[in-house]
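Novice:
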Amino acid sequence: MNRVFSGIQPTGNIHIGNYLGALKQFAELQNDNECIYCIVDMHAITVPKDPKELNESILNVAALYIACGIDPDKSIVFVQSDVPGHAELGWILTCSSYTGELSRMTQFKQKSKEKESAPTGLFTYPVLMAADILLYDTSIVPVGDDQKQHIELTRDLAVRVNGKYGENTFVVPEGRYMKSGARVMSLDDPTNKMSKSAENEYSRISLLDSPAKIKKSVMRATTDSDGIIKFDVENKPGISNLLSIYSAFTGKTVESLEKDYAGSGYGDFKKDLVEVVNSSVKPIQDKYNDIRESDELKKILKEGAEKANAIAEKTIKRVKENFGLGIR
Numbered sequence: 004m005n006r007v008f009s010g011i012q013p014t015g016n017i018h019i020g021n022y023l024g025a026l027k028q029f030a031e032l033q034n035d036n037e038c039i040y041c042i043v044d045m046h047a048i049t050v051p052k053d054p055k056e057l058n059e060s061i062l063n064v065a066a067l068y069i070a071c072g073i074d075p076d077k078s079i080v081f082v083q084s085d086v087p088g089h090a091e092l093g094w095i096l097t098c099s100s101y102t103g104e105l106s107r108m109t110q111f112k113q114k115s116k117e118k119e120s121a122p123t124g125l126f127t128y129p130v131l132m133a134a135d136i137l138l139y140d141t142s143i144v145p146v147g148d149d150q151k152q153h154i155e156l157t158r159d160l161a162v163r164v165n166g167k168y169g170e171n172t173f174v175v176p177e178g179r180y181m182k183s184g185a186r187v188m189s190l191d192d193p194t195n196k197m198s199k200s201a202e203n204e205y206s207r208i209s210l211l212d213s214p215a216k217i218k219k220s221v222m223r224a225t226t227d228s229d230g231i232i233k234f235d236v237e238n239k240p241g242i243s244n245l246l247s248i249y250s251a252f253t254g255k256t257v258e259s260l261e262k263d264y265a266g267s268g269y270g271d272f273k274k275d276l277v278e279v280v281n282s283s284v285k286p287i288q289d290k291y292n293d294i295r296e297s298d299e300l301k302k303i304l305k306e307g308a309e310k311a312n313a314i315a316e317k318t319i320k321r322v323k324e325n326f327g328l329g330i331r
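Quick note on numbering: the sequence shown equals residues 4 to 331 in this note's numbering.
(1) By Cβ distance below 6 Å, which residues in the same chain neighbour GLU209 in space, the five residues on each side in sequence not counted?
(2) Could you compute how far the alpha carbon of VAL279 sits from the alpha carbon of TYR249?
(3) May I ask which residues mark the beginning and end of the alpha helix (DSSP H) holding ARG321?
(4) Identify the residues that DSSP records as bridge partners of MET188: which are they?
(5) So, does the stretch 32-43 touch the stretch 260-278, judging by three or more C-beta pairs under 8 Å?
(6) Considering just the uninterrupted stretch of the beta strand (DSSP E) at SER78, what are its terminal residues?
(7) Thinking C-beta only, is LEU92 closer than 8 Å to ALA251?
(8) Would GLN113 be called buried (16 or more neighbouring beta carbons within 10 Å of its own) or exposed?
(9) Looking at the unbroken beta strand (DSSP E) that takes in GLY178, where does it start and where does it end?
(10) By DSSP, does SER259 sit in helix, in strand, or in coil?
(11) For LYS285, which option in ILE314, TYR264, ALA215 has the closest C-alpha, if you only look at C-alpha atoms?
(12) Keeping to the same chain, check which residues put their C-beta closer than 7 Å to that of ALA334; ignore five residues upstream and five downstream.
(13) Just the Cα atoms here: how many angstroms apart are PHE111 and ALA30?
(14) Beta carbon of VAL64, beta carbon of ILE11: below 8 Å?
(15) What does the alpha-carbon distance come out to for the pair HIS89 and ALA134?
(16) Taking the DSSP output, what are the residues bridged to PHE8?
(17) Using a 10 Å radius around the Cβ and a threshold of 16 neighbouring Cβ atoms, would you call SER259 buried or exposed?
(18) Is SER209 helix, strand or coil when you go by DSSP?
(19) Just the Cα atoms here: how many angstroms apart are LEU32 and ILE69?
(20) With DSSP run on the structure shown, which of helix, strand or coil describes ASP74?
(21) Do you know how far the Cα of ILE242 is from the Cα of ALA224?
(22) When you compare the CB positions of GLU37 and ARG6, do they come within less than 8 Å of one another, or not?
(23) Given 8 Å as the limit, is there contact between the stretch 143-151 and the stretch 116-129, that is, 3 or more CB pairs closer than that?
(24) Under 7 Å Cβ to Cβ from GLY230, same chain only, skipping five residues before and after it: list those, please.
(25) Going by other Cβ atoms of all chains shown within 10 Å of its Cβ, with 16 needed for buried, is ASP263 buried or exposed?
(26) Taking VAL146 as part of the beta strand (DSSP E), name the residues at either end of that continuous run.
(27) What does the alpha-carbon distance come out to for the pair ASP212 and LYS151?
(28) Would you identify the three-state DSSP class for LYS233, choosing helix, strand or coil?
(29) Does LEU328 pass the burial test, meaning 16 or more other C-beta atoms within 10 Å, or should it be called exposed?
(30) How is LYS116 classed by DSSP in three states: helix, strand or coil?
(31) Taking 8 Å as the limit between beta carbons, can you name the residues of its chain near VAL187, skipping five residues before and five after?
(32) Residue range of the alpha helix (DSSP H) that PHE173 falls in?
Structure, rendered in structure tokens:
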């Protein structure tokens, strides 16, 4: 079986784009692969975080993993900082990376733009991400298109180290880029992806939003003035985004939805979409509430960390031997 690794930051506001583009597909992958899913809390502190809020967010995201269908009996679910190998391998890989390639990373350039100085963690973030992946001899990394550059860097680092220290040092992973139909855009600006950090809370639909909040977000969603329900990303990005969301939740094709709503206005379409989204997230919310309030969650994460650490220690041992580190 292929080994799959991926992770999500515990930054709150996990939205339907995260679910349709990642979490839903994570759950599907565990049926035919050996899956390792991580809450990457060490990545979260590249910018300052309130410790209590961060710890709550870690547990919230872990509960959402399980509520969205990730089965701890099939997959390893754990918190990144509970496995020391992430930080250890991160440093080893930092010593095999170059400032030039890290300075070209798009996300660093965006986040440090117009700043006189930026946290070093933002600069080395992609190396830690590479360590996360390579630590588990990962074959497949399910990510969005916006992470292609990070996967390419991970592959480059693996090939570079293998060439210098031995071909058995790292498995060179492949990116598995999420289905294009699951790409969910912002409700107030459908030319940009839906974002957890956007200032406008109605630009996204978070998985834990109330039915009233979901209704408000959908009914406020940007469309256009002609009122024709047609999929045309270039000329009608707003209604195209809503059609994609409807299709992703129901399994109906966009073409069939266009026929179903031919002659209808945006108001009727949006009202139905509210019902679709609310009925789709309710089972997730119910399961989330059950697991979040139970003692089982921390037990799952502790057991997951033990399983992850057992794999990580083997990789670290091999890497250190190949690099000539430690006493042998």
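By construction, the Cβ of each residue, glycine as well, lies at the ideal position given by its N, Cα and C atoms. Predicted model, so just to flag it, every value in this text is computed and none were measured.
Specialist: Working from what's here:
(1) Per the sequence shown, the amino acid found at residue 209 is Ser instead of Glu. Same-chain partners within the cutoff: ASN16, HIS18.
(2) 7 Å
(3) 299-326
(4) LYS196
(5) no
(6) 78-82
(7) no
(8) exposed
(9) 177-180
(10) helix
(11) ALA215
(12) Nothing can be reported for residue 334: it is not among the residues displayed for the chain, which extend from 4 to 331.
(13) 30 Å
(14) yes
(15) 6 Å
(16) ILE39
(17) exposed
(18) strand
(19) 14 Å
(20) coil
(21) 9 Å
(22) yes
(23) no
(24) GLY268, TYR269
(25) exposed
(26) 143-146
(27) 30 Å
(28) coil
(29) exposed
(30) coil
(31) HIS18, ILE19, GLY20, LEU23, GLY24, LYS196, MET197, ASN244, SER247, ILE248, ALA251
(32) Note, PHE173: premise wrong, no alpha helix (DSSP H); not H, not E.
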